[in-house]
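Here the sequence shown is numbered in the working numbering, starting from 7 and rising by one per residue.
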Amino acid sequence: MLFHLSVAHLPEYSLVKNNHRKRIDFQVLKLLLKLLEPLEDVTREVSSATTATLSLVLPVLVAILTLLEPDSSVLDKMKTFMKTQLEKWFNKSFSNKFYLLTCIVDSRFKHFTFTDPNNFSTNGITASTLTDWKSVGARKIAEQLLKDEYQTISTTILGTSSTTAVVPLCLPPRPLSVLDKIVTRQQTTASSEYTNYLSEPEITTNTCALIWCNQNKHRYPTIAKIARKYLCIRATSTPLERIFSLSGFITSDRRSRLSSESANDIIFLTRNSRIKKT
């Protein structure tokens, strides 16, 4: 969970004694539900084991900030505490290389529209916090990081074929060979791939980023390689903890004679038994 709340930070409920029983103010509970239900949803999203999750961190932070906007209700004290926790742990998130790279290779968030100041004209606290976190310049930093990764992978792909021989100064430059023309065309195509990817609009947020990358890898082969490299990083340790929990259940003291190989096989089969054949 993103927050650890103590009783001191919860709103004071209206308790009415009635025949030695206490009745809770259900209006306060409704407000709590309205605040905590979205937090449960995003917690499930970033804890997924089958979708890209690290690219969700920055958009989720912005979404939570808007939820914590004070509204003169009994929850304002609780919201202030939660916002303090966010600032403590995530104030440098928009300068984190991995958050930025995963966002820009995730076609749902590559233009960083979730940081657009125009979206927070009525959310003063959110706008102020994002300014302090330097979210406005995050897109340029992400584009530069992507460009660096792109050039590194492109150079690796081209290999030695991109290196041209040094021509002595006393000789006129030789005509372009077939190999030179191929390499030049590859470099031009690579450059246009980077530009075309960034010029395309974002896809809808309910689209799976991994599926989109796989479907468009023929158009953006280098971008797809970068996406596969970074989008596989998990935002939380929850998927790993699920595996440890499962392995602990399988290798209990009642099954102490299981060899390590057999235990690994059982864990693998159990984890993948629900995968549907396509």
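Every residue, glycine too, gets a C-beta built ideally from N, C-alpha and C.
Keep in mind it's a predicted model, so treat the numbers as computed, not measured.
* **Per-residue burial, Glu155 [other beta carbons within 10 Å of its own, 16 or more giving buried]** => Taking the sequence shown and counting its residues from 1, one reaches residue 155 at position 149. Answer is buried; the Cβ neighbour count reaches 16.
* In whole angstroms, what is the alpha-carbon distance linking Ala144 and Asn270? -> On the sequence shown, residue 144 is found 138 positions in, with the first residue counted as 1. On the sequence shown, residue 270 is found 264 positions in, with the first residue counted as 1. Near 42 Å, if we compare the C-alpha coordinates of Asn270 and Ala144.
* In the DSSP assignment, find the alpha helix (DSSP H) that holds Phe2 and state where it starts and stops. => The shown model of the chain, from 7 to 284, leaves out residue 2, and the question about it has no answer.
* Helix, strand or coil for Leu64, going by three-state DSSP, please let me know. => By one-based count along the sequence shown, residue 64 stands at place 58. DSSP, read as helix, strand or coil, puts Leu64 in helix.
* Asked: Looking at Thr57 and Ala287, is the spacing between their C-beta atoms short of 9 Å?
  -> The requested residue 287 does not occur in the structure, where the chain is confined to residues 7 to 284.
* **Outcome for Ile232 when other beta-carbon atoms lying within 10 angstroms are tallied against a minimum of 16** => Numbered from its first residue, the sequence shown carries residue 232 at position 226. Per the 10 Å Cβ criterion, buried.
* To do: Would you kindly work out how many angstroms separate the C-alpha atoms of Lys116 and Thr137, rounded to a whole number?
  => Translated into the one-based positions of the sequence shown, residue 116 becomes position 110. Translated into the one-based positions of the sequence shown, residue 137 becomes position 131. Straight-line Cα distance between these residues: approximately 19 Å.
* On the premise that Thr49 lies in contact with Leu237, defined as a C-beta separation below 8 Å, what is that separation, rounded to the nearest angstrom? -> The count along the sequence shown starts at 1 and reaches residue 237 at position 231. The count along the sequence shown starts at 1 and reaches residue 49 at position 43. About 20 Å separates the two Cβ atoms, so there is no contact after all.
* Whole angstroms is fine: what's the gap from Gln150's alpha carbon to Thr119's? => Numbered from 1 along the sequence shown, position 144 holds the residue referred to as residue 150. Numbered from 1 along the sequence shown, position 113 holds the residue referred to as residue 119. Spanning the two alpha carbons is a distance of roughly 17 Å.
* To do: Pick helix, strand or coil for Arg4, following the three-state DSSP scheme.
  => Here the chain comprises residues numbered 7 to 284, so residue 4 is not present and cannot be evaluated.
* **Segment limits, alpha helix (DSSP H) that includes Ser243** => Taking the sequence shown and counting its residues from 1, the one referred to as residue 243 is at position 237. Where Ser243 is concerned, there is no enclosing alpha helix (DSSP H), given that its DSSP letter is neither H nor E.
* So, using beta-carbon positions, are Thr244 and Ser53 closer together than 9 Å? -> As a first step, residue 244 is located in the sequence shown; it is residue number 238 there, counting from the start. As a first step, residue 53 is located in the sequence shown; it is residue number 47 there, counting from the start. Yes, these two residues count as a Cβ contact at 9 Å.
* Proximity of Phe104 and Leu73 at Cβ, strictly below 9 Å -> Against the sequence shown, residue 104 aligns to sequence position 98. Against the sequence shown, residue 73 aligns to sequence position 67. No. Outside cutoff.
* Alpha carbon to alpha carbon, how far is Ser99 from Leu204? -> For the purposes of this step, residue 99 is taken as the residue at position 93 of the sequence shown. For the purposes of this step, residue 204 is taken as the residue at position 198 of the sequence shown. Rounded to the nearest angstrom, the two C-alpha atoms are 22 Å apart.
* Do Ser127 and Glu206 have their C-beta atoms closer together than 9 Å? -> Locating residue 127 in the sequence shown gives position 121, counting from the first residue. Locating residue 206 in the sequence shown gives position 200, counting from the first residue. Taking 9 Å as the cut-off, the beta carbon of Ser127 is found no closer than this to the beta carbon of Glu206.
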